[in-house]
Amino acid sequence: MTKTPQKPRVLISDKMDPNAARIFTEMGCDVDVITGETPEQLAARIGEYDGLAIRSSTKVTKDILAAAKNLKVIGRAGIGVDNVDIPAASAQGVVVMNTPFGNSITTAEHAIAMIFALARQIPEANAQTQAGLWPKNGFMGVEVTGKTLGLIGAGNIGSIVATRALGLKMKVVAYDPFLTPERAIEMGVEKADLDTLLAKADFITLHTPLTAETRNILSRENIAKTKKGVRIVNCARGGLIDEAALKDALDSGQVAGAALDVFETEPAKESPLFGTPNFICTPHLGASTTEAQVNVALQVAEQMAEYLTTGGVTNALNMPSLSAEEAPKLKPYMALAEKLGKLVGQLAHDNLTKIAIEVEGAAAQLNQKPITAAVLAGLMSQYSQSVNMVNAPFLAKERGLDVREVRHDREGEYRTLVRVTVGTAAGDRSVAGTLFGNGQPRLVEIFGIGIEADLDGDMLYIVNTDAPGFIGRIGTLLGQNGTNIGTFHLGRRTAGGEAVLLLSLDSPVAPEVLKQAAEIEGVRTVKALKFV
64 MTKTPQKPRV LISDKMDPNA ARIFTEMGCD VDVITGETPE QLAARIGEYD GLAIRSSTKV
124 TKDILAAAKN LKVIGRAGIG VDNVDIPAAS AQGVVVMNTP FGNSITTAEH AIAMIFALAR
184 QIPEANAQTQ AGLWPKNGFM GVEVTGKTLG LIGAGNIGSI VATRALGLKM KVVAYDPFLT
244 PERAIEMGVE KADLDTLLAK ADFITLHTPL TAETRNILSR ENIAKTKKGV RIVNCARGGL
304 IDEAALKDAL DSGQVAGAAL DVFETEPAKE SPLFGTPNFI CTPHLGASTT EAQVNVALQV
364 AEQMAEYLTT GGVTNALNMP SLSAEEAPKL KPYMALAEKL GKLVGQLAHD NLTKIAIEVE
424 GAAAQLNQKP ITAAVLAGLM SQYSQSVNMV NAPFLAKERG LDVREVRHDR EGEYRTLVRV
484 TVGTAAGDRS VAGTLFGNGQ PRLVEIFGIG IEADLDGDML YIVNTDAPGF IGRIGTLLGQ
544 NGTNIGTFHL GRRTAGGEAV LLLSLDSPVA PEVLKQAAEI EGVRTVKALK FV
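In our numbering, the protein residues as written are 64 to 595.
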């Protein structure tokens, strides 16, 4: 007698829309809904399940994972996965999924609501009216019609905000390194650099993740560049705005109003902004609508059930879409590709219009899609916290980035080679790498200059004029500031011409040291890099 295959078992451990359980059942899974358990109770139970569906309440720690002997997938109904120990899950072979696009409309609508609240001072007017003051002459708002909205970040949520703003007859100016001119025309917005946006915008709204590149993108210096009387909205991530600088700008009148749904420290029990006139805040409500919570619950159920029943992978944070046969061969190439993507992402991240991924030699005999996805994941990781090899191609397409794959059958100088070329406003920029005999990734060319280097940990990238004594001056500067050099790698176009220096360091370089390095005679570019 043939034994009936056992259905995958899924535990829903947080409160979630009831339709999620229905979807699991319809797609061939057995599901239990048991919420509110202590970590000890969950650890005692989790060993029975193949899948765990959560929101933000359940903390999936190392201890929980150690008890999860049969667990294959964790699904987070929402975008944030800081309540999941992803490295521990990866080490145990557990796929971690999220639903990064399920609350896009809700968050965009919250930003639009904040714009209206600022324009008409609704919270203050409401408070005074309910206090019996009837302040009819105390509030003079502004119309949004005809005003210019500055959009910092034109991805999924930003593009929805742009559509709504255009419907309100606003003009929209957008800054996003991945926004191509063609995509800007399609959206009906003006593509601009950040300084132009700051000078033009009557309202500014932020829709970018928090990364090293975007932290304090509205710094004290940039806030000073804004049009006097600008109104600022942030429903994206805390840390994008210098909150102390925003407070000062509100007090001075440089900023006429600000509305924050997110803070650098949350929960925000105290803030210098609290009590400031013309300041509005909400407690991170961007995703808090009935529709959004239904959407993310249904999406996570569909993704998890598909993985458990068919092996299909969607929005996984720690697993590329690979077959069991391909994985061992492609793994070192994907590591190389991701490092090359991170390199160009850190060095040529502004105004990207296109990217070409070329493979030759042994690499040309493999499935190129995972290599391309790994490059894009490395590139996009500079701008998105939830990017992975599965959703990176989608994010690139969403921003209008033209992605091209090229396969060369020729044999070159190296047995195998991966080259990444990005198109920028200043022209094409190319980096290339190979695998050494032990399968270790190695950079062999950067922007047309031959240089062999490992890409790992903290690094310092310098472009300089080739001259005697330069290396000594850099070494002395770093040594005086307590930064130890692990290895250094050199390349140059010609003697006395443009040269490149790549240093691997035992610790990150402080911003003030970077500034001093930039002032050394002959230095053209200096940049701190990080590869993790």
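Backbone N, C-alpha and C define an ideal beta-carbon position, used for all residues, glycine too. Quick caveat: nothing in here was measured; it's all calculated off a predicted structure.
Length of the line joining the Cα atoms of residue i and residue j
i      : j      : result
LYS578 : ASP258 : 21 angstroms
ASP314 : ALA194 : 25 angstroms
GLU103 : SER334 : 36 angstroms
TYR396 : ALA427 : 11 angstroms
ASP126 : ILE149 : 13 angstroms
THR497 : GLN503 : 8 angstroms
ASN454 : ARG462 : 13 angstroms
LEU261 : ASP80  : 41 angstroms
ALA41  : ARG492 : No information on residue 41 is available, as it lies outside the stretch 64 to 595 that the chain covers here.
MET64  : GLY114 : Note on MET64: pLDDT 48, under 50, position unreliable in the model; the coordinate value appears next. Each residue's alpha carbon lies about 29 angstroms from the other.
ALA176 : ALA228 : 11 angstroms
VAL123 : VAL144 : 10 angstroms
LEU506 : ARG294 : 45 angstroms
LEU281 : ILE525 : 27 angstroms
PHE551 : MET250 : 45 angstroms
MET522 : THR588 : 14 angstroms
ALA407 : ASP256 : Rather than Ala, the amino acid found at residue 407 in this sequence is Val. Distance between the alpha carbons of VAL407 and ASP256: 19 angstroms.
GLU515 : GLU575 : 28 angstroms
LYS210 : SER447 : 29 angstroms
TYR238 : LYS70  : 48 angstroms
Residue i versus the options, residue with shortest Cα-Cα distance
i      : options                        : result
VAL586 : ALA455, ILE137, THR528         : THR528
GLY110 : ILE86, ARG72, THR121, SER120   : ARG72
VAL96  : ALA360, PRO574, ALA455, PRO391 : ALA360
ALA206 : VAL224, GLU187, LYS234         : Contrary to the premise, residue 206 reads as Glu rather than Ala in this sequence. When each option's Cα is compared against that of GLU206, the closest is LYS234.
THR289 : PHE457, GLY213, TYR524         : GLY213
GLY559 : ALA530, LEU540, LEU553         : ALA530
ALA411 : GLU369, MET382, GLY486, GLY511 : GLY486
GLU284 : PHE266, ASP305, THR277         : ASP305
THR557 : ILE512, ASP521, GLY542, ASN547 : ILE512
GLN543 : ALA580, ASN381, ALA174, PHE87  : ALA580
ARG74  : VAL563, ARG85, VAL94, THR88    : With the sequence shown as reference, residue 74 is identified as Leu, and Arg is not the correct amino acid for it. It is VAL94 whose Cα lies nearest to the Cα of LEU74.
VAL563 : GLY408, VAL576, GLY554         : GLY554
MET203 : LEU181, LYS210, LYS263, GLY218 : LEU181
GLY549 : ASP519, GLU276, THR353, SER119 : ASP519
ILE185 : GLN69, THR416, TYR446, PHE342  : PHE342
GLU329 : PRO346, GLY320, THR339         : PRO346
ALA425 : GLN69, LEU442, VAL376, THR479  : THR479
PRO433 : GLN409, LYS392, ALA573         : LYS392
Cβ distance (whole Å) where residue i is taken to contact residue j below 8 angstroms
i      : j      : result
VAL438 : ALA400 : 5 angstroms
PHE533 : LYS402 : That belief does not hold up - the Cβ atoms of PHE533 and LYS402 are roughly 26 angstroms apart, past 8 angstroms.
LEU242 : THR271 : That belief does not hold up - the Cβ atoms of LEU242 and THR271 are roughly 11 angstroms apart, past 8 angstroms.
VAL481 : ALA495 : 7 angstroms
GLU471 : GLU508 : The identity of residue 471 in the sequence shown is His, whereas the question assumes Glu. Not confirmed; about 15 angstroms, so no contact.
ALA379 : VAL158 : 5 angstroms
ALA152 : ASN381 : 7 angstroms
VAL296 : THR268 : 4 angstroms
ALA264 : VAL236 : 6 angstroms
ASN146 : SER167 : Not confirmed; about 21 angstroms, so no contact.
MET36  : THR372 : With the chain represented from 64 up to 595, any question about residue 36 goes unanswered, as that position is not in the structure.
Query - At least three beta-carbon pairs within less than 8 angstroms, the segment 364–383 to the segment 461–471 - result: no
Requested in this report: Return the chain-ordered ranges of every alpha helix (DSSP H) run that is complete within the segment 109–167 and spans a minimum of 4 residues.
Outcome: 125–130, 149–154
Query - Whole beta strand (DSSP E) elements within the segment 216–275, 3-residue minimum - result: 234–238, 266–269
**Report entry** Stretch-stretch touch, CB-based, cutoff 8 angstroms, three pairs: the segment 126–144 with the segment 321–335
**Finding:** no
Query raised in the report: Taking one C-beta from the segment 218–226 and one from the segment 181–201 each time, how about it: are there three or more such pairs within less than 8 angstroms?
Result: no
Requested in this report: Starting from the N-terminal side, write out each stretch of the beta strand (DSSP E) that is 3 residues or longer and does not extend beyond the segment 402–426.
Outcome: 417–424
Query raised in the report: Where in the segment 534–576 do unbroken runs of the beta strand (DSSP E), each at least 3 residues long, occur, reported from the N-terminal end onward?
Result: 548–555, 561–568
Query - Completely contained alpha helix (DSSP H) runs for the segment 300–344, where each covers 4 or more residues - result: 306–315
**Report entry** beta strand (DSSP E) segments (min. 3 residues) lying fully within the segment 444–504
**Finding:** 465–471, 479–487, 490–498
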